[in-house]
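First to last, the protein sequences are chains A and B. Residues in the first sequence are numbered from 128 upward in steps of one, following our numbering. Residues in the second sequence are numbered from 925 upward in steps of one, following our numbering. By construction, the Cβ of each residue, glycine as well, lies at the ideal position given by its N, Cα and C atoms. Keep in mind it's a predicted model, so treat the numbers as computed, not measured. The structure under discussion appears below in the form of structure tokens.
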Amino acid sequence: MKEMKKTALTLNVNRETYDVVSYPNRTLLEVLRDDLHLTGTKEGCGEGVCGSCTVLVNGMPVRSCLTLAVAVQGKEITTIEGLSAGEKLHPVQEAFVNHHAIQCGFCSPGMILTSYALLAENPSPTEKEIRRAISGNVCRCTGYAKIVEAVKSLAEKGR
Amino acid sequence: MPEKALSRHREKQNNNLEEHMRLPPFQYLEPTNAEEALSIISSHKETVKIMAGGTDLVNRMKLRLIEPAFVMNIGKLRNLDGIDIGDTETVIGANTRLREVAGAPLVKKRFRAIAEAAFQVASSAITNMATVGGNILQNTRCLYYDQSGLVLNGLERCHKRGGNVCLAVKGSARCFSVYQGDMAPAFIAFDARCVLEKKGSTRTVSLPELFTGNGAAPLAIGADELLTKIIIPNPEGLYGSAYRKLRLRGSTDYPLASAAAFVSVAKDRKVTLCRLVIGAAGTAPKVIDRASPDADLEVIAQKAYELAEGVDNLLLPGAYRKKMVSVLARRAIKAAMDGIKEGV
């Protein structure tokens, strides 16, 4: 094993500052889950394909399994835990609940954050734009129809 | 196997699997400007790997295909990104995110094939991270190579792993791994050049010169060099371009066959140049240049078919991929011709 020094990281997650001492080879996903105990972010494929580890960095969806934690210091990281205001769900989360867009729930954090980022950029996306936006998030339960309906309901509100 | 031994065996296997999802150890370097980056690669050479978006490099490290002593993150170097459309040429910084290239209205209008290639790389969570330079400098891929140690340990050491056999083409003296970058074919269709900088000197090479044609060592860039920008001459007159790609999943996949086309025509609509570049058809992108009047669609598609290497080393059969290269060649040329507009 090559010698590797631990470094002090300062991460801004969900508008809070966290100081972590960690090895540089750890991904953002690992630090979020194992060090900060923010286990809402899920590990699926671990190679950037499934989208279950999606978090927002400066408002844009990225794969936390392919992102080094050390590389996102100084950036604003948003995980699923950062969307709700205490017990009050964010409208995107509410829409997912109301439209039964959640079954097993494993894809939901990534799916919701991706939808949130889409709506922030484009408040009234078309169905095609919604499908394109969530195309990098794999759901094995719903067949996507309910998820698209949930996002569409918000898009219509935005119009 | 007795139950206890079996459970120990399973535990060991699980640990191995767990280990393979993690990154190997390395020292992390983060230069604050390009000069510092050049100085680092000049002193560390082969021991350092350059990371921009990380979408390709991190996966290769997870698979233990590379275990660099140092990883240098250039992703935050702001003077290496951006799109600058000038009077005679357009400069795209190597650090420009693919999403920016795909969405830039002027790139879509003037360099359609380049915007289409960037858009088709993957969904936004990948293209928000991945950069133009990283996509161009992808290593070649092969089903018998891009695997974790769990798979590779059971295989003979191939050319790409420093051995002397090819597992895809039995008895072959060379490596048939496939270059699956999306951006390079589109840039080559526009006759782009790229700037390679190293400490104390800079060279500009045409994009095809970046590729050696040798699958085992496919990129002609020194360990002390940094790709900083891509320069595209602004085409004049009437022209169109397009990029077409075959893949299994629309949201995220390397091309299994691809074609980028650039077509320019005279005022009377006679074709003056038809340049086709095929991708995922060998160890490097391949160019087919045909100036009118013999720029015949079928002739070019046939030539694309002949040039494409159809080897069974990706997810779809080689013979099918070879046929699809010529199908995509036709489609790309047709789309380029349909989209012909006045340039600049």
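Applying a beta-carbon distance threshold of less than 8 Å, which residues of chain A neighbour residue 986 of chain B?
173 and 174, listed in chain order.
Please report the straight-line C-alpha distance between residue 1131 of chain B and residue 1210 of chain B, rounded to a whole angstrom.
Approximately 11 Å, taken between the alpha carbons.
How many angstroms separate the CA atom of residue 1093 of chain B from the CA atom of residue 972 of chain B?
Those two C-alpha atoms are separated by around 32 Å.
Run through chain B and tell me which residues come within less than 8 Å of residue 190 of chain A, C-beta to C-beta.
The contacting residues are 979, 1049, 1050 and 1053.
If you pair each beta-carbon of the stretch 1227-1237 of chain B with each one of the stretch 1156-1170 of chain B, do three or more pairs fall below 8 Å?
The stretch 1227-1237 of chain B, when compared against the stretch 1156-1170 of chain B, does not touch it at the 8 Å Cβ threshold.
Taking only beta carbons into account, state which residues of the stretch 193-217 of chain A come closer than 7 Å to chain B, listed in chain order.
Answer set for the stretch 193-217 of chain A: 193, 194, 195, 197 and 198.
So, with DSSP's three-state summary, where would you put residue 1068 of chain B?
Correct three-state label for residue 1068 of chain B: coil.
When you compare the CB of residue 238 of chain A with every CB in chain B, is at least one pair closer than 8 Å?
No, residue 238 of chain A lies away from the interface with chain B (no Cβ there is under 8 Å from its Cβ).
Quick one: any contact between the stretch 164-171 of chain A and the stretch 227-241 of chain A, if contact means 3 or more CB pairs under 8 Å?
Yes, since at least three Cβ pairs between the stretch 164-171 of chain A and the stretch 227-241 of chain A fall closer than 8 Å, the two stretches touch.
State yes or no: is the beta carbon of residue 1046 of chain B nearer than 8 Å to at least one beta carbon in chain A?
True, the Cβ-Cβ gap to chain A drops below 8 Å.
Can you check DSSP and say which residues form a bridge with residue 1015 of chain B?
Answer is B/1008 and B/1155, bridged to residue 1015 of chain B.
What residues in its chain sit with their C-beta under 7 Å from that of residue 180 of chain A, if we drop five residues either side in the sequence?
Contacts found: 156, 168, 169, 170, 171, 190, 191, 192 and 237.
I need the boundaries of the alpha helix (DSSP H) containing residue 1043 of chain B, first residue and last residue.
1036-1045 is the extent of the alpha helix (DSSP H) around residue 1043 of chain B.
Give the straight-line distance between the Cα atoms of residue 1179 of chain B and residue 1080 of chain B, rounded to the nearest whole angstrom.
Rounded to whole angstroms, residue 1179 of chain B to residue 1080 of chain B spans 27 Å at the Cα level.
Interface residues of chain A around residue 1003 of chain B at Cβ under 9 Å?
Ordered by position in chain A, no residue passes the 9 Å Cβ test against residue 1003 of chain B, which lies about 17 Å from the chain.
Taking residue 1176 of chain B as the query, report the chain A residues whose CB atoms sit under 7 Å from its CB, ordered along the chain.
Within 7 Å Cβ-Cβ: 176 and 263.
Step through the CB atoms of chain B and report whether any lies within less than 8 Å of the CB of residue 152 of chain A.
Chain B, which has a Cβ nearer than 8 Å to the Cβ of residue 152 of chain A, makes this yes.
Would a C-beta distance cut-off of 8 Å place residue 997 of chain B and residue 272 of chain A closer than the cut-off?
Not a contact, by the Cβ cut-off of 8 Å.
Quick one: which unbroken alpha helix (DSSP H) runs of 4-plus residues sit fully inside the stretch 953-1000 of chain B? Chain order, please.
Here the runs fully enclosed are 958-968 and 981-986.
Taking only three categories from DSSP, how would you classify residue 1186 of chain B?
If DSSP states are grouped into helix, strand and coil, residue 1186 of chain B belongs with the strands.
Do you know whose CA, among B/1231, B/1254 and B/1117, lies nearest residue 1127 of chain B's CA?
Taking only the C-alpha atoms, the option nearest residue 1127 of chain B is B/1117.
Rounded to whole angstroms, how far is the Cβ of residue 1020 of chain B from the Cβ of residue 1056 of chain B, which I believe are closer than 8 Å?
With a Cβ gap of about 5 Å, residue 1020 of chain B and residue 1056 of chain B count as contacting.
With respect to the alpha helix (DSSP H) encompassing residue 243 of chain A, which residues constitute its N-terminal and C-terminal limits?
It spans 235-248 - the alpha helix (DSSP H) in which residue 243 of chain A sits, taken as one unbroken run.
Looking at C-alpha atoms only, which residue of A/187, A/130 and A/196 is the closest neighbour of residue 147 of chain A?
Cα-wise, what sits closest to residue 147 of chain A is A/196.
In chain B, what lies closer than 9 Å to residue 260 of chain A by C-beta?
Simply 1047 and 1048.
How would you write the range of the alpha helix (DSSP H) that residue 1229 of chain B sits in, first residue to last?
Taken as a continuous stretch (DSSP letters only), the alpha helix (DSSP H) holding residue 1229 of chain B covers 1221-1231.
Listed from N- to C-terminal order along the chain, which residues in the stretch 1071-1087 of chain B have their beta-carbon within a distance smaller than 9 Å of any beta-carbon of chain A?
Per Cβ criterion, the list is empty.
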